[in-house]
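Colleague:
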Amino acid sequence: MAQTTESPAPAPPAPARRTPRAPRVHRAWFVAAVTFVTIIGAAAFASLPGLLIEPLHREFDWSRGTIGFAVSVNLALYGLTAPFAAALMDRFGIRRVVALALTVIAVGSVLTVWMTAAWQLVLYWGVLVGLGSGSMALAFAATVTNRWFVARRGLVTGILTAAGASGQLVFLPLLSWLVEHHGWRPAAVTVALAALAVVPFVWLLLRDHPADTGLAPYGGEYTEKPAPVTGAARRAVTVLFKAARTGPFWLLAGTFAICGASTNGLVKTHFVPAAHDHGMPVTAAAGLLAVIGVFDVVGTIASGWFTDRFEARRLLAVYYALRGVSLLFLPMLLAPSVHPPMLFFIVFYGLDWVATVPPTIALCREHYGEDSAIVFGWVLASHQVGAALVAFGGGVARDVFGSYDVVWYASGALCAAAALMALVIRRPRKEAPSLAGA
Numbered sequence: 077m078a079q080t081t082e083s084p085a086p087a088p089p090a091p092a093r094r095t096p097r098a099p100r101v102h103r104a105w106f107v108a109a110v111t112f113v114t115i116i117g118a119a120a121f122a123s124l125p126g127l128l129i130e131p132l133h134r135e136f137d138w139s140r141g142t143i144g145f146a147v148s149v150n151l152a153l154y155g156l157t158a159p160f161a162a163a164l165m166d167r168f169g170i171r172r173v174v175a176l177a178l179t180v181i182a183v184g185s186v187l188t189v190w191m192t193a194a195w196q197l198v199l200y201w202g203v204l205v206g207l208g209s210g211s212m213a214l215a216f217a218a219t220v221t222n223r224w225f226v227a228r229r230g231l232v233t234g235i236l237t238a239a240g241a242s243g244q245l246v247f248l249p250l251l252s253w254l255v256e257h258h259g260w261r262p263a264a265v266t267v268a269l270a271a272l273a274v275v276p277f278v279w280l281l282l283r284d285h286p287a288d289t290g291l292a293p294y295g296g297e298y299t300e301k302p303a304p305v306t307g308a309a310r311r312a313v314t315v316l317f318k319a320a321r322t323g324p325f326w327l328l329a330g331t332f333a334i335c336g337a338s339t340n341g342l343v344k345t346h347f348v349p350a351a352h353d354h355g356m357p358v359t360a361a362a363g364l365l366a367v368i369g370v371f372d373v374v375g376t377i378a379s380g381w382f383t384d385r386f387e388a389r390r391l392l393a394v395y396y397a398l399r400g401v402s403l404l405f406l407p408m409l410l411a412p413s414v415h416p417p418m419l420f421f422i423v424f425y426g427l428d429w430v431a432t433v434p435p436t437i438a439l440c441r442e443h444y445g446e447d448s449a450i451v452f453g454w455v456l457a458s459h460q461v462g463a464a465l466v467a468f469g470g471g472v473a474r475d476v477f478g479s480y481d482v483v484w485y486a487s488g489a490l491c492a493a494a495a496l497m498a499l500v501i502r503r504p505r506k507e508a509p510s511l512a513g514a
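Going by this note's numbering, the residue at position 244 of the sequence shown is 320; the numbering climbs one at a time, nothing skipped.
(1) Just the Cα atoms here: how many angstroms apart are T188 and L342?
(2) State the CB to CB distance for the pair F247 and A104, rounded to an integer number of angstroms; the pair is presumed to be in contact (CB under 8 Å).
(3) Going by C-alpha distance, which of H285, S185, G470, I377 is nearest R228?
(4) When you compare each of Q460, P324, P249, Y425 to Y444 by their alpha carbons, which one comes out closest?
(5) Could you tell me whether the Cβ atoms of I181 and V198 are closer together than 8 Å?
(6) Measure the C-alpha to C-alpha separation of F371 and R441 and round it to an integer number of angstroms.
(7) Which partner residues of F225 appear in the DSSP bridge assignment?
(8) Are the Cβ atoms of V476 and V274 separated by less than 8 Å?
(9) Within 8 Å of any Cβ in chain D, is that where the Cβ of V472 sits?
(10) According to DSSP, is G117 part of a helix, a strand, or is it coil?
(11) If the criterion is Cβ atoms closer than 8 Å, does the pair S252 and T359 meet it?
(12) Starting from the Cα of G471, find the closest Cα among I116, L128, A118 and give me that residue.
(13) Taking contact to mean at least 3 C-beta pairs separated by less than 8 Å, is the segment 400-411 in contact with the segment 446-463?
(14) For M191, which of M418, W260, A108 has the nearest alpha-carbon?
(15) Contact defined as beta carbons within less than 8 Å: I believe A393 pairs with L499. What is the distance between those atoms, to the nearest angstrom?
(16) How long is the line joining the alpha carbons of F160 and G208, rounded to whole angstroms?
(17) Going by the beta-carbon positions, is the gap between T111 and V220 smaller than 8 Å?
(18) Among the candidates A438, V183, D288, G336, whose CA atom is the shortest distance from the CA of A264?
(19) Taking H354 as part of the alpha helix (DSSP H), name the residues at either end of that continuous run.
(20) Tell me where the alpha helix (DSSP H) around E446 begins and ends.
(21) Just to confirm the assignment, what range does the alpha helix (DSSP H) spanning I334 have?
(22) At which residues does the alpha helix (DSSP H) containing D137 begin and terminate?
(23) I'd like the span of the alpha helix (DSSP H) that includes T299, first residue to last.
(24) Within a Cβ cutoff of 7 Å, which residues of the same chain sit near H257, ignoring the five residues on either side of it in sequence?
(25) Compare the beta carbon distance of I334 and L490 with 8 Å and say whether it is the shorter of the two.
(26) Check whether the Cβ atoms of S379 and P293 sit closer than 8 Å, and answer yes or no.
(27) Cα-Cα, which of S338, R223, T322, V149 is closest to G210?
(28) Assuming G259 is part of the alpha helix (DSSP H), what are its boundary residues?
(29) I'd like to check one pair, I422 with V374: are the Cβ atoms closer than 8 Å?
(30) Out of D284, V313, L427, which one is the CA nearest neighbour of E300?
(31) Count the other CB atoms within 10 Å of the CB of G290; is the residue buried (16 or more) or exposed (fewer)?
(32) With distances taken Cα to Cα, identify the nearest neighbour of A486 among R503, I501, R502, V466.
(33) Between V174 and the rest of its own chain, which residues show a CB-CB distance below 7 Å, the 5 nearest in sequence each way excluded?
(34) Mind reading off the beta-carbon distance from W484 to L406? Whole number of angstroms is fine, and I expect it under 8 Å.
(35) Ignore the nearest five residues each way along the sequence and tell me which others in P417's own chain have a CB closer than 7 Å to its CB.
(36) Could you work out which residue in A270, A473, Y396, V433 is closest to M497 when comparing CA atoms only?
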């Protein structure tokens, strides 16, 4: 009789490995929230220049052109530092760069309390605050968005861009009240304290890359954290030279220079003294700027939403055209009191204030790929150079002509030119490579 062998019983199936459950709210949204709060806290420095012109003119007898020059140095360095800041964030991390930048802003602002000469205003407010603010300018928001988000990039860019306007909303009424009732020095100290107050948020809560927390970017796939990039300054300059060989870079830089001229350089710096020339109290004029900040938040977030859905260059053309029209009407609206047509201008202009940022960042991303944050840093530099020229030129025009009217009209015409330039920007033919490695 044949002997049969029994086959061994099959092994029980191994228990299925549990994959870690994704968090209900992605960590990227917490990083975006910390970035938003940080930009709000740092926005105090951007709220003060327009409030300083009249008090410094009265106390030190400095011309408006001299004060405008210090503001122009601040704005220019703000822009020229930005591309190097984006490269430094790649090298040393977002947390270190932003924390140091906020500290430099605080030091520069508090030193102005003891100044007695115009060169000190240029050094403290122009150089130190300019360098610090440039190191955490919009390149900060662009870097966070590029690293932490794949989906909803336009929306997040709009929200983070609106943070600056939200800070203006928070600080302008407070700073104008301090200047009116206690002088400009307590306002300068307030700016320093606001910058220092957000340093702990940055250091304790911000993370440089999704891989630091073991997560993929929101809406994307997990990637390892890249090694620190050495030669940050060289990389920033290399990317500039490569981008400068392309037409879209010059069109983006030109339109954004006009954006800066018609916002930070003109309205943020000279609206309050221009309204005061027509008899409006400083606190009322500063309140109107704060209202611009309210509608800027709405307009910029809406612009981010539109950028996810419509062609960015056409959005830019519409935004610049509408801004130019509004500025042409402003000289007729300035009066001793606030009236309905002025409120309509404030709402209309506020919705358009920095709505240009999300489509501009989107166009940089489309054309320049991985280097888009650095390219946007250089485009932002042109924004601030444009702002610096008008901050200085507006003060000189007020000294020479006795009013700001010529500056309003010139800015309106420039915005019309920017609308045409935006339409000329071509679409990219394929996904943009890295310029640094080209």
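Quick reminder that beta carbons are idealized off the backbone N, C-alpha and C, glycines included.
Modeller: Answer, in terms of the structure:
(1) Each residue's Cα considered, the two are about 23 Å apart.
(2) Not quite, the Cβ-Cβ distance comes to about 27 Å (not below 8 Å), so this is no contact.
(3) Per the Cα distances, I377.
(4) The shortest C-alpha to C-alpha distance from Y444 to any of Q460, P324, P249, Y425 is the one to P324.
(5) Their beta carbons are not under 8 Å apart, which means I181 does not touch V198 by this criterion.
(6) Approximately 26 Å between the Cα atoms of the pair.
(7) The partner list for F225 (beta bridge, DSSP) reads Y294.
(8) Not in contact: V476 and V274 (Cβ atoms no closer than 8 Å).
(9) No chain D appears in this structure, which consists of one protein chain only.
(10) Here G117 carries a helix assignment [DSSP, helix/strand/coil].
(11) Contact annotation: S252 and T359 have beta-carbon atoms nearer than 8 Å.
(12) Out of I116, L128, A118, L128 has the C-alpha closest to the C-alpha of G471.
(13) Output reads no: the segment 446-463 does not touch the segment 400-411.
(14) Of the listed residues, the one whose Cα sits closest to M191 is W260.
(15) Indeed, because the Cβ distance is near 5 Å, the residues count as touching under 8 Å.
(16) CA-to-CA, the gap between F160 and G208 works out to about 12 Å.
(17) Yes, the pair counts as a contact, with Cβ atoms nearer than the cut-off.
(18) With distances taken between Cα atoms, A264 lies closest to V183.
(19) Where H354 is concerned, there is no enclosing alpha helix (DSSP H), given that its DSSP letter is neither H nor E.
(20) That residue, E446, is in no alpha helix (DSSP H); it is neither H nor E in DSSP.
(21) Bounds of the alpha helix (DSSP H) holding I334 are 323-338.
(22) Here D137 belongs to no alpha helix (DSSP H), and DSSP marks it neither H nor E.
(23) DSSP places T299 in no alpha helix (DSSP H); its state is neither H nor E.
(24) Closer than 7 Å at the Cβ level, and outside the excluded window around H257, lies no residue.
(25) In this structure, L490 lies closer than 8 Å to I334 by Cβ.
(26) Contact: no.
(27) Taking the Cα of G210 as reference, the smallest distance to any Cα among S338, R223, T322, V149 is reached at V149.
(28) From DSSP, G259 is part of no alpha helix (DSSP H); its letter is neither H nor E.
(29) No. Outside cutoff.
(30) Of the listed residues, the one whose Cα sits closest to E300 is D284.
(31) Per the 10 Å Cβ criterion, exposed.
(32) The residue with the shortest Cα to Cα distance from A486 is V466.
(33) For V174, where only same-chain residues beyond five positions count, the Cβ hits under 7 Å are T114, M212, F216, V278.
(34) Yes, they are in contact, since the Cβ atoms of W484 and L406 sit about 5 Å apart, within 8 Å.
(35) L409, listed in sequence order.
(36) Residue Y396 is the option with its Cα nearest to M497.
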